[in-house]
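For the sequence shown, position 378 matches number 1289 in the numbering used here, and the numbering has no gaps at all.
Glycine is no exception: its CB is placed at the ideal position from the N, C-alpha and C atoms.
A short worksheet on the structure shown next.
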Amino acid sequence: KDDITVKRIIFLILSLALVMTLASCGKKPDTALPPLSGEITDLASDFVEKLNTGDFAGAVEFFDTATKKELPETKLKEVWQTIEQQAGAYQNEVNKKSEEIGEANMVVITAQFEQTYLDIRFTFNQNNRIIGLFFVPGQNPTAAYEAPAYGQPANFTESEVTVSSGKWELPGTLTIPNGAGPFAAVVLVHGSGPNDRDETIGTNGTSKPFKDLAWGLANQGIAVLRYDKRTKVHGQKMATQNNFTVQEESIDDAIIAVELLQQHEHISNDHIFVLGHSLGGMLAPRIGATAPKELAGLIMLAAAARPLEDLIVEQSHYLAAVDGTVTEQEAEYIRLIEEQVAQIKSENLSPSTPPAEILNVPPAYWLDLRDYKPAELATTLELPMLILQGERDYQVTMDDFSIWQDALSSRSDVQCKSYPNLNHLFITGDKPSVPAEYEQPGNVDKTVIDDIANWIKQR
């Protein structure tokens, strides 16, 4: 895809976050309307077909009463037309799966559009009516991952594990080097969004930074635990959590993952590290402040040091201008984002503020982060830290890296390093980073793997 197409798709996702009101998937079945007959997987396909043929009046008949009110025919038409204007015409359904979530059921259709793939996520109540509808970036199911030369599978074994806190079970993969051990180990903590255990990026799904890290570090004698993020595995259930914060999104599961490694016979109990990327790096100090005392250190890759809402505004401006032209539509999206970010920063933000007014995120999330200053908290931790940054990164920039450096410059147990040619994924390039990069196959640069492995071995 060219840069303009990718830019449009990203603004499409931003706009959907602003215009769509999503129904709760935990409410009781609607008794005002009769149940729909048929399998929910077939109903989901029928719904998409009605959208494709322009039968929006017929499509809303799949909704329950509340969803009809929140997403009426005119608004549904607007959303679908926006999608096809920016992602291209709908082509076909390429994959479909279903999942039971408490009293509701979810269907995910991966749909191919002319320019990209989108996952259309449905939540059905017990009457087989749609009570939740999400459009999110999808992945090309035929894309193939190419392992880096430094990640030779013959040098390690992988096993399936479960990172569990009761109702929030997360499937994961433990990569252990060949040999008797015990080994130093790393827990990988994801960036923003419903990431899988590999932190698969882009619609083509050929870049998997966490898989690169796991395979690369295992080849240097270091075990790695990675797992699917809670917002990916239990996204629909979490959408009903009004008090949702980064504690539930990332921190709790990272702590559980550390504890899981501490119980493993081939892992050195006092050589377990947490590696956070992007949001995960930003939260690393909070994880370190609550982790078991045996935690050996923190590794932060592209870690934000400024408020997330500020980065959202900054990224929006960057993406709009990346092709040299800011369209009227893009300017309007930026205005909407800035307006909602102002709400997030307002003294009037309260637990009762509607999420639709604050980027469709529960107010508890923003209130929890309001006074969080990652670099300041890091100065209070008696933990070694390694902070790495790609200088071509437009999502978390060198401004953030400078904040970390300034706050921790007096610490002999903190190492900071930036890489001129690397982007947010720590993949090399020779031009300013643009979203189209994420659609190209690439692997984490070997120098990063080496630097992390050498730092761990020195602890």
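6 Å CB neighbourhood of residue i in its chain, flanking five on each side removed
i	result
Leu-1299	Leu-1212, Lys-1328
Lys-1122	Asp-1109
Thr-1156	Ala-1275, Tyr-1276, Asp-1279
Lys-1357	Tyr-1061
Trp-1126	Gly-1062
Ile-1255	Glu-1220, Ile-1269, Trp-1277
Ser-1344	Arg-1303, Tyr-1305, Asn-1334
Asn-1153	Pro-1273
Gly-1392	The chain is shown from 912 up to 1370; residue 1392 falls before or after that span and cannot be answered.
Leu-1294	Gly-1199, Gly-1208, Leu-1209
Counted within 10 angstroms of its Cβ, other Cβ atoms place residue i as buried (16 or more) or exposed
i	result
Glu-1110	buried
Gly-1116	buried
Asp-1282	exposed
Ser-1227	buried
Glu-1160	buried
Ala-1150	buried
Ser-1103	buried
Ala-1200	exposed
Glu-1250	exposed
Glu-1241	buried
Ser-1118	buried
Thr-1236	exposed
Thr-1053	exposed
Pro-1285	buried
Gln-1037	exposed
Gln-1050	buried
Asp-1341	exposed
Gly-1192	buried
Pro-1265	exposed
Pro-1203	exposed
Thr-985	exposed
Asp-1317	exposed
Ala-1231	buried
Lys-1140	buried
Residue i: CB within 7 Å of a non-hydrogen atom of the ligand SAM
i	result
Glu-1069	Looking at this structure, you won't find the ligand SAM or any other ligand, since it has none at all.
Residues that DSSP places opposite residue i in a beta bridge
i	result
Asp-1030	Thr-1021, Val-1047
Lys-986	Note: Lys-986 sits in no beta bridge, so no partner.
Glu-1071	Thr-1084
Tyr-1330	Gly-1301
Glu-1011	Asn-1016
His-1175	Partner(s): none; His-1175 has no beta bridge.
Ser-1118	Ile-1112
Ile-1210	Leu-1186, Leu-1297
Lys-1004	Here residue 1004 is Glu; the residue named in the question, Lys, does not match the sequence. Glu-1004 is bridged to Ala-1022.
Ile-974	According to the sequence as given, residue 974 is Phe; it is not Ile. Partner(s): Ile-1041.
Arg-1197	DSSP lists no partner for Arg-1197.
Tyr-1056	Answer by DSSP bridge pairing: none, since Tyr-1056 is not bridged.
Tyr-1138	Gly-1083
Thr-1339	Leu-1333
Ala-1096	Ala-1134, Ile-1183
Val-1325	Met-1296
Phe-1035	Asn-1016, Ile-1041
Spatial neighbours of residue i in its chain, beta-carbon cut-off 7 Å, leaving aside the 5 residues before and after
i	result
Gln-1063	Asn-1130
Tyr-1229	Tyr-1305
Trp-1366	Leu-1297, Gln-1326
Leu-954	Leu-947, Phe-973, Asn-1039
Pro-909	Any question about residue 909 goes unanswered here, given that the chain covers just 912 to 1370.
Phe-1046	Leu-927, Ile-994, Leu-1029, Ile-1031
Lys-988	Phe-967
Ala-1364	Leu-1128, Gln-1131, Ile-1133
Supposed close pair residue i, residue j - CB separation, criterion 8 Å
i	j	result
Thr-1073	Leu-1081	7 Å
Gly-1113	Glu-1350	5 Å
Val-1355	Pro-1120	5 Å
Lys-1007	Val-1018	7 Å
Ala-1214	Trp-1315	7 Å
Glu-1071	Thr-1084	6 Å
Contacts around residue i, its chain only, beta-carbon distance under 8 Å, and the 5 residues preceding and following it disregarded
i	result
Asp-913	Reliability fails at Asp-913, whose pLDDT of 46 lies under 50, so the model's placement of it is uncertain and no value is given.
Ser-1076	Asp-1163, Asp-1164, Ile-1167
Leu-944	Asp-975, Thr-976, Asn-1038, Arg-1040
Arg-1217	Asp-1310, Asp-1311, Ile-1314
C-beta neighbour in chain B for residue i, strict 8 Å
i	result
Ala-1168	Absent from the structure: chain B. Only one protein chain is present.
Can at least three beta-carbon pairs, one atom from the region 1172–1190 and one from the region 1258–1266, be found at a separation below 8 Å? no
Quick test of the definition: if touching needs 3 or more C-beta pairs under 8 Å, does the region 1313–1330 touch the region 1286–1299? yes
Three Cβ pairs or more, each shorter than 8 Å: is that satisfied between the region 998–1011 and the region 1022–1032? yes
Should the region 1198–1212 be regarded as contacting the region 1179–1187, the criterion being three or more beta carbon pairs within less than 8 Å? yes
Using 8 Å as the threshold, is the region 1130–1140 in touch with the region 1089–1102, meaning 3 or more CB pairs across them? yes
Decide if the region 977–992 is in contact with the region 1033–1047; the criterion is three or more beta carbon pairs, one per stretch, under 8 Å apart. yes
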